[in-house]
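For what it's worth, this note's numbering labels the leading residue of the sequence shown as 1044, then goes sequentially. Here a beta-carbon is modelled for each residue, glycine too, at the ideal position from N, C-alpha and C. From a predicted model like this one, the values you see are computed outputs, not experimental measurements. Notes for the one structure printed next.
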Amino acid sequence: MRFEKLTHFQLKILKSKGYNILTSNHKLTEEKVVWFPERVEDVMTYLLSLDTSGKMVPFKEPNLLVIDDAIKNIREEDLIGEVFI
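This is the structure we're talking about:
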């Protein structure tokens, strides 16, 4: 296991291994943001459950990055941080 720069290439590798979201407890403004890949059965259901189950505490919620959305909608130069692979 190691940390790699977050890139479209890394996102595609993670997607091919069945991961569909990345989570981070770091603020996106921090110098070093670390992402951890996760697999959830249904991304939309997971996101909705976080919001409606009381799991998200205001100002303490984790950062989430949906891998498919990041590949399609975020430019390479706008991806920040490292991913634990």
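DSSP places Asn1106 within a strand segment (E or B) once states are collapsed to three.
Rounded to whole angstroms, Ile1056 and Leu1122 show a C-alpha spacing of 15 Å. Counting along the chain, the unbroken alpha helix (DSSP H) around Lys1055 starts and ends at 1051-1059. In terms of Cβ geometry, Glu1120 and Leu1049 do not form a close pair [threshold 8 Å]. For the pair His1069 and Glu1047, the Cα-to-Cα distance works out to about 16 Å.
In this structure, the straight-line span from the alpha carbon of Lys1075 to that of Ser1067 is close to 11 Å. In this structure, DSSP gives Val1126 an extended state, which the three-state scheme calls strand.
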